[in-house]
Structures are given as C-alpha cells and as structure tokens.
Amino acid sequence: MLTNLTLFSFGLMTGPLVQETSKADILAVISQYESALNGRNVKQILKLYGQNPTFMPQHAPAQEGRDAVKQAYVQVFETIRLHIQFSIHEVEVLGDTAWARTSSAGKTTILANNAVVNEGN
2 MLTNLTLFSF
12 GLMTGPLVQE
22 TSKADILAVI
32 SQYESALNGR
42 NVKQILKLYG
52 QNPTFMPQHA
62 PAQEGRDAVK
72 QAYVQVFETI
82 RLHIQFSIHE
92 VEVLGDTAWA
102 RTSSAGKTTI
112 LANNAVVNEG
122 N
C-alpha cells in the first residue's frame with residue numbers, strides 16, 4: 002500500500018551540483034520538494050531531479066528514468082494526499098556532491114476512503 006511511501010528518500014538531490022552550491026541551496030531544494038509533495042505537483046517535483054532520476058518509494062521497486070519516476074508520482078498522488086513538513090537534521094556539501102539527512106511528519110489522506118493517518122519518515 003502506498004500510504005507509507007518514502008517519498009523523502011533524498012536520493013533526489015537536484016541535477017548536477019556545482020562547487021558553489023551552499024547549504025542554503027540544498028535547504029531551498031528540500032523546501033521546494035516539500036511544497037511540491039504537499040501540492041501534488043509532479044511537474045515541480047521532476048524539475049528537482051537530474052536528467053536520469055531514481056525514485057525509491059518504500060515497499061515498492063525503485064523507479065528509474067524520467068517516465069517511470071513521473072508515472073510513480075502520478076500514481077502516488079492518485080492514491081494519497083500529503084500534508085507533511087520536513088525537519089532538516091544535517092546537510093553536507095562536499096565539492097560537487099551534497100546530501101541531506103531529513104525526517105518528515107504530518108498527515109496522509111488515503112483518497113479511496115478519505116481516511117487521515119499520521120505520516121512520518
């Protein structure tokens with residue numbers, strides 16, 4: 002079931018990062034991702050991925066490539082509505098590579114029955 006997706010497995014970190022990337026830049030991407038998830042905005046989410054993305058939803062196979070990632074998010078948003086907020090625990094920028102450790106909490110609405118459940122990843 003898609004209620005407990007790890008949409009937030011931040012293997013997503015934008016396209017190629019350049020050395021001038023700062024922690025503030027990474028925080029901005031995370032904020033944009035949070036907003037796009039809550040807004041069910043697949044187009045905005047895809048802008049945050051690189052050219053050959055991988056999306057790793059919890060309890061589901063990894064989706065590779067733009068078409069597969071797009072379809073996976075469409076399916077997610079046809080199934081659930083998120084109202085979550087990220088907490089940022091750590092951001093590291095190492096030259097042209099960056100990573101972030103985050104968690105999220107909030108509510109998920111299961112659209113099939115309008116049940117609202119606590120969400121956390």
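Residue numbers (this note's numbering): 2 to 122.
Cβ coordinates follow ideal geometry from the N, Cα and C atoms, glycine included.
Beta carbon proximity, residue i to chain B, threshold 8 Å
| i | result |
| --- | --- |
| Ala-69 | The chain inventory of the structure shown lacks chain B, comprising one protein chain alone. |
Rounded C-alpha distance that separates residue i from residue j
| i | j | result |
| --- | --- | --- |
| Trp-100 | Glu-93 | 6 Å |
| Lys-24 | Arg-82 | 29 Å |
| Ala-37 | Gln-76 | 15 Å |
| Ser-124 | Asn-119 | Shown here, the chain extends from 2 to 122; a query on residue 124 therefore has no answer. |
| Val-43 | Arg-67 | 11 Å |
| Asn-122 | Gly-107 | 10 Å |
Beta-carbon spacing of residue i, residue j below 8 Å
| i | j | result |
| --- | --- | --- |
| Thr-109 | Ser-88 | no |
| Ala-73 | Gln-64 | yes |
CA nearest to the CA of residue i, picked from the options
| i | options | result |
| --- | --- | --- |
| Ala-69 | Pro-54, Glu-120, Asn-114 and Lys-48 | Pro-54 |
| Ile-46 | Ala-106, Ile-31 and Asp-97 | Ile-31 |
| Gly-51 | Ala-61, Thr-98 and His-84 | Thr-98 |
| Gln-84 | Asp-26, Leu-28, Glu-35 and Ile-27 | For clarity, residue 84 is His in the given sequence; the question names Gln instead. That would be Glu-35, whose Cα lies nearest to the Cα of His-84. |
Endpoints, the alpha helix (DSSP H) within which residue i is located
| i | result |
| --- | --- |
| Ser-36 | 24-39 |
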